[in-house]
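Sequences listed follow chains A and B, in order. Quick note: the first sequence, position 24, residue 222 per our numbering, numbers continuous. Quick note: the second sequence, position 49, residue 247 per our numbering, numbers continuous. Following: one structure in structure tokens, then a few remarks.
2 protein chains.
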Amino acid sequence: MAEWAERLTGVRGVLLDISGVLCDSSASGATTIAGSVEAVARLKRSPLKVRFCTNESQKSLRELVGVLQQLGFDISEEEVTAPAPATCQILKERGLRPHLLIHEGVRSEFDDIDTSNPNCVVIADAGEAFSYQNMNRAFQVLMELENPVLISLGKGRYYKETSGLMLDVGGYMKALEYACGIKAEVVGKPSPEFFKSALQAIGLEAHQAIMIGDDIVGDVGGAQQCGMRALQVRTGKFRPRC
Amino acid sequence: MAEWAERLTGVRGVLLDISGVLCDSSASGATTIAGSVEAVARLKRSPLKVRFCTNESQKSLRELVGVLQQLGFDISEEEVTAPAPATCQILKERGLRPHLLIHEGVRSEFDDIDTSNPNCVVIADAGEAFSYQNMNRAFQVLMELENPVLISLGKGRYYKETSGLMLDVGGYMKALEYACGIKAEVVGKPSPEFFKSALQAIGLEAHQAIMIGDDIVGDVGGAQQCGMRALQVRTGKFRPRC
């Protein structure tokens, strides 16, 4: 315990990953990970600031928070940093009109984005929508652009559903990068800008916060590269060897 | 002409790519590229040795040669180096039992391969069969193996059909490499072993042969790395900038 107290010296806030830390997902819904509802409640009763920092890109923020509230979590939309809203902001700032290769569940986030005559491609964890036809269309849009811009909501290798490990958006990002000879821009963990925006929302510096996640690269590595401390849980996609 | 004669000094044989050089493919079939039937006929009348060296992995060798014969080409199965037969030989030599993520058109090549209780994954240009579900199954098979082996029939970025550019197997290979944290073994161009087996079949050394293809990486780069000369045609997937 003394060791832990030392490691946590100066920590004033916690960034919490959602999938694999608070809950596991399945085709039929989500289930809480044992102890996580009470852990969030305790954190919120403590003097620590709490922010949720997720790469979830299959659901809209509203739907995601709704699911978590139903599971018993004390959480609101304003407390979550998620890649789809961050992407919309970038698209607007840079005058980008995306071709969207995304899950139907997250489409509403892009309702007020102009998608006519696309000048970039946005991919997210599209699940079954990662068909050959849809991937090929995204590829063709990129190849027709003089300056192809590919934005990827996260670059996770895989995530865990109750039925098993599932391919995440990262592989599909790599496929388009390779086929088009380009480099994607990642919005979401482990992008430093994404962690910084989560820290900014709770008014903390990197050295004052700890990230808790199940992904050794996206959560732990990304946070550490930003100057944060980080802790990997043994739930979710955690595997003894990665 | 003098310059060409110089460049071709000592050339005793020609390796010919098929798709994009002899013909273009489409969903409904294949069409010859202008002048290619006569060019093959002239090469065969010349003292040069001729071998066809393809990464075609949507069709069986028999079907591919049948299509080319119907288009008027002087070609037989024995004259073609193709990745599926080369893969079957490797699988047998190493006692590998593949999970196959391939196009239905090439499945017959694997008829005498044991696919029970898979200990590796073989992917080829699967086209529409590159569904999320099929990719995820291949991913899960690899993640369950202690020593995951992924064999990819070629690693092309894209190819050209009459309807436009199409994603080739390379991107999907990259997706699985990234998701599983592994490196695939490529059977087909630009693998040196593949070029060597084509050269061996016509009894030539690398410096005695020239490769003619439309892919700057798979055909031209691969052949040059083997010590061959190479020539890129301006048909098929050729683009002024790659």
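Glycine is no exception: its CB is placed at the ideal position from the N, C-alpha and C atoms. Predicted, not measured: the structure shown is a model, and the values here were computed from it.
Own chain, CB closer than 6 Å to residue i, minus 5 neighbours either side, in chain order
| i | result |
| --- | --- |
| E307 of chain A | S258, A282 |
| F328 of chain A | Y370 |
| V431 of chain A | V219, D412 |
| P390 of chain B | C424 |
| V265 of chain A | A228 |
| L246 of chain B | G211, V212 |
| E383 of chain A | I349 |
| T360 of chain B | D222, S224 |
| A428 of chain A | M409, V418, A421, Q422 |
| F436 of chain B | D412 |
| E201 of chain B | none |
Proximity below 8 Å, CB of residue i to CB of residue j
| i | j | result |
| --- | --- | --- |
| T252 of chain B | I216 of chain B | yes |
| L340 of chain A | L374 of chain A | yes |
| A404 of chain B | M426 of chain B | yes |
| L213 of chain B | M409 of chain B | yes |
| L294 of chain B | A336 of chain B | no |
| Y330 of chain A | G211 of chain B | no |
| G368 of chain A | K381 of chain A | no |
| L269 of chain A | T230 of chain A | yes |
| G434 of chain B | K358 of chain B | yes |
| K372 of chain B | Y376 of chain A | yes |
| E275 of chain B | R260 of chain B | yes |
| V319 of chain B | H297 of chain B | yes |
Bridge partner(s) assigned by DSSP for residue i
| i | result |
| --- | --- |
| F250 of chain A | A:L214, A:V278 |
| K358 of chain B | B:L363 |
| I408 of chain A | A:V212, A:R427 |
| C224 of chain B | Correcting the residue identity first, residue 224 of chain B is Ser in this sequence and not Cys. The partner list for S224 of chain B (beta bridge, DSSP) reads B:G227. |
| I349 of chain B | B:V320, B:E383 |
| H297 of chain B | B:V319 |
Where residue i falls, given that 16 or more other Cβ within 10 Å makes a residue buried
| i | result |
| --- | --- |
| M364 of chain A | buried |
| S223 of chain B | buried |
| G420 of chain A | buried |
| P346 of chain B | buried |
| P388 of chain B | buried |
| R355 of chain A | buried |
| A225 of chain A | exposed |
| G227 of chain A | exposed |
| G416 of chain B | buried |
| D310 of chain B | exposed |
| N334 of chain A | buried |
| A203 of chain A | exposed |
| R249 of chain B | buried |
Same chain only: Cβ atoms within 8 Å of residue i, ignoring 5 sequence neighbours per side
| i | result |
| --- | --- |
| L262 of chain B | I216, T252, E254, V278, A280 |
| G208 of chain B | H405, Q406 |
| C378 of chain B | F337, L340, M341, P346, L348 |
| F393 of chain B | L213, C251, K387, A404, M409, G420, A421, C424, M426 |
| N332 of chain B | L299, A324 |
Close beta carbons around residue i, own chain, < 7 Å, minus the five adjacent residues each side
| i | result |
| --- | --- |
| D272 of chain B | V238, A239, K242 |
| V304 of chain A | S255, Q256, K257, S258, A282, A322 |
| S395 of chain A | T279, A284 |
| L343 of chain B | N317 |
| C440 of chain B | A caution first: C440 of chain B carries a pLDDT of 48, below 50, which makes its placement in the model too unreliable to give a value. |
| N315 of chain A | R295 |
| L402 of chain B | R210, G211, K247 |
| C286 of chain A | E307, F308, I311 |
| P438 of chain A | none |
Given a limit of 8 Å on CB to CB distance, which residues of the stretch 325 to 358 of chain B reach chain A?
G325, E326, A327, F328, S329, Y330, Q331, M333, N334, F337, Q338, M341, R355, Y356
Scan the stretch 361 to 387 of chain B for residues whose Cβ lies nearer than 9 Å to a Cβ of chain A and list them as they occur along the chain.
G362, L363, M364, L365, D366, G368, G369, Y370, M371, K372, A373, L374, E375, Y376, A377, C378, G379
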